[in-house]
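The structure appears below as structure tokens.
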Amino acid sequence: MPDVSVLDVLLYGEPVGTLTLVQGDRTIFAFNQSYIDNPARPTLSLSFKDSFGALITDIRPTQTLVPPFFSNLLPEGPLREYLAKQAGVNQKREFFLLWILGRDLPGALTIRPADDEAWPPEPDGEPDRQERERRANVLRFSLAGVQLKFSAVKNDRRNGGLTIPATGVGGSWIVKLPSARFERVPENEYAMMTLAAGLGMDVPEVQLINTDAIEGLPEGIGKLSSPALAVKRFDRTKKGPVHIEDFAQVFGVFPDDKYERASYRLIAGVLGIETGDEGAAEFIRRLVFNTLIGNADMHLKNWSLIYPDRRTARLSPAYDFVSTVPYIADEKAALKYARTRRMAELTYDELAYLAAKARLPEKLVLDTAAATVDGFISLWAAEKAHLPLSGETVAAIDKHIETIPLARL
Ligand SMILES: Nc1ncnc2c1ncn2[C@@H]1O[C@H](COP(=O)(O)OP(=O)(O)OP(=O)(O)O)[C@@H](O)[C@H]1O
Ligand SMILES: [Mg+2]
């Protein structure tokens with residue numbers, strides 16, 4: 007394994023702490039004194055705040071894995087396997103994955119070797135310099151999640167195409183490639199994001215894009231016959247990166263437990279405290295919408311906070327809205343609502359219970375849910391034939407909607 011044992015953690019380019027690899031493959035995270043002492047410090051994570059708002063500084067060391075906040079920055083599944091292989095590191099040893107991927111992480115975070123520590127290798131064995139640089143960049147880019155996806159820049163020369171950058175860090179779009187396992191997920195996601203936007207939810211710009219129009223896709227991905235989805239990154243702006251964290255990070259849960267260790271009621275509770283009625287209402291809108299479309303994959307990592315003023319949390323724009331019922335006939339949501347996981351048991355009574363437990367105003371929750379249901383029913387009826395969805399997908403969603411009590415008159 008590479009000769010590196012200390013990584014600097016930077017937020018908006020300023021050092022905030024260090025990750026140290028010690029004997030026994032253990033990783034320790036410690037904040038820098040200057041960050042601890044800074045009363046106006048930017049927020050790294052709600053998980054490092056105690057109930058009085060003070061910074062938590064004693065963070066438990068972990069073995070093989072890095073502490074949950076950092077573990078959640080790393081890709082999972084085939085994307086992790088692919089990137090680890092490209093860099094020649096063991097995909098289980100997360101300290102080294104952070105070392106190779108730290109230059110382009112979600113949000114305003116960067117991780118780099120401390121002074122005197124080794125830098126990640128440039129891939130070699132490629133005769134062409136440009137190709138080498140491109141691969142070096144691909145291998146330094148991380149967005150958590152399982153799907154193959156890359157950061158890309160808009161390419162005006164190629165008429166709305168995208169380029170996976172050859173040098174420097176990634177661009178301000180995410181390209182999500184079609185899946186080998188499930189058909190036409192990009193079209194499905196495009197359709198669901200478009201419906202959500204039509205219902206007034208905060209949704210980033212999305213585009214379906216022919217994979218021929220993407221320059222610089224790594225080799226070995228194979229021929230892709232259906233379109234990819236391009237999503238505008240909300241953590242990249244003209245003024246620089248904006249910090250984000252997902253709810254697995256907020257709750258200090260490892261990615262493997264993203265379906266287990268919390269509930270929508272707990273997310274709603276955090277949003278009520280941190281973001282007030284506005285964030286809570288938007289959460290209810292998205293929760294009801296995803297139940298209606300049959301998205302059984304809204305786990306902890308598919309909800310994020312964003313810190314536009316560097317300190318105060320807001321609910322981030324929406325992402326990863328896919329109707330999963332056409333692929334997997336699972337009628338259970340990714341997390342428990344309040345008392346149940348079953349989508350067919352999301353009633354107004356369950357929502358009232360969720361509101362009470364999350365200390366949200368009941369009227370706000372129920373009125374928002376009712377307005378979302380009404381809006382969805384008419385928008386779906388008007389749009390379903392015009393969205394890029396197959397007849398089977400539409401039929402599967404229609405069948406699912408009938409099982410949802412909220413959608414009944
Ligand atoms: N528009 C966006 N701007 C910034 N970050 C984003 C955006 N969309 C997604 N992300 C980040 O990238 C991660 C992966 O994206 P997404 O959830 O869409 O992909 P995925 O691989 O399908 O995830 P999953 O593992 O849930 O299937 C998200 O968890 C989120 O942190
Ligand atoms: Mg996701």
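With my numbering as the guide, the letters of the sequence shown map in order to residues 7 to 415.
The C-beta atom is built at its ideal place from N, Cα and C for all residues, glycine as well.
Just so it is clear, the structure is predicted and the values come from calculations on it, not from any experiment.
Continuous alpha helix (DSSP H) stretch holding residue i: start and end
i           : result
residue 396 : Here residue 396 belongs to no alpha helix (DSSP H), and DSSP marks it neither H nor E.
residue 362 : 354–363
residue 188 : No alpha helix (DSSP H) contains residue 188, which DSSP labels as neither H nor E.
residue 310 : Residue 310 -> not in any alpha helix (DSSP H); beta strand (DSSP E) instead, spanning 310–313.
Closer than 8 Å: residue i CB and nearest ligand 1 heavy atom
i           : result
residue 85  : yes
residue 314 : no
residue 342 : no
residue 325 : yes
residue 250 : yes
residue 288 : no
residue 237 : yes
residue 82  : yes
residue 74  : no
residue 160 : no
residue 112 : yes
residue 155 : yes
residue 180 : yes
residue 233 : no
residue 210 : yes
Collapsed DSSP secondary structure at residue i in the structure displayed
i           : result
residue 289 : helix
residue 72  : coil
residue 158 : strand
residue 61  : strand
residue 20  : strand
residue 305 : coil
residue 386 : helix
residue 345 : coil
residue 244 : coil
residue 180 : strand
residue 256 : helix
residue 271 : helix
residue 50  : coil
residue 379 : helix
residue 173 : For residue 173, the predicted structure reports a pLDDT of 44, less than 50, and the residue's modelled location is therefore unreliable. A value from the coordinates is still provided. Of the three classes helix, strand and coil, the one that applies to residue 173 here is coil, per DSSP.
residue 81  : strand
residue 421 : No answer is possible for residue 421: it lies beyond the span of the chain, which begins at 7 and ends at 415.
residue 86  : helix
residue 281 : helix
residue 13  : strand
residue 110 : strand
Residue i CB to nearest heavy atom of ligand 2 below 8 Å
i           : result
residue 417 : Residue 417 is absent from the model: the chain starts at 7 and stops at 415.
residue 308 : yes
residue 303 : yes
Bounding residues of the beta strand (DSSP E) (the contiguous stretch that carries residue i)
i           : result
residue 213 : 212–215
residue 252 : 249–252
residue 99  : First-last for residue 99: undefined, no H or E at that position.
residue 34  : 32–37
residue 416 : What the structure shows of the chain is the stretch from 7 to 415, and residue 416 is not part of that stretch, so it cannot be assessed.
residue 237 : 234–238
residue 116 : 115–119
residue 169 : 167–169
Subject >> At least three beta-carbon pairs within less than 8 Å, the region 286–303 to the region 196–210 >> reply: yes
Original post:
Any chance the region 204–215 sits against the region 254–273, with 3 or more Cβ pairs inside 8 Å?
Top reply: no
Original post:
Three or more C-beta pairs closer than 8 Å, one from the region 306–325 and one from the region 236–251: is that the case here?
Top reply: yes
Original post:
Are the region 384–392 and the region 280–296 touching, with three or more C-beta to C-beta distances below 8 Å?
Top reply: no
Original post:
So, do the region 301–316 and the region 37–45 have three or more beta carbon pairs nearer to each other than 8 Å?
Top reply: no
Original post:
Any contact of the region 185–192 with the region 364–383, i.e. 3+ C-beta pairs under 8 Å?
Top reply: no
Original post:
Per the contact definition of three or more C-beta pairs closer than 8 Å, is the region 265–274 in contact with the region 284–291?
Top reply: yes
**OP:** Evaluate the contact criterion for the region 87–97 versus the region 18–32: three or more CB pairs, one atom per stretch, below 8 Å.
**Re:** no
Original post:
Would you call the region 113–128 and the region 231–249 in contact, with 3 or more CB pairs under 8 Å?
Top reply: yes
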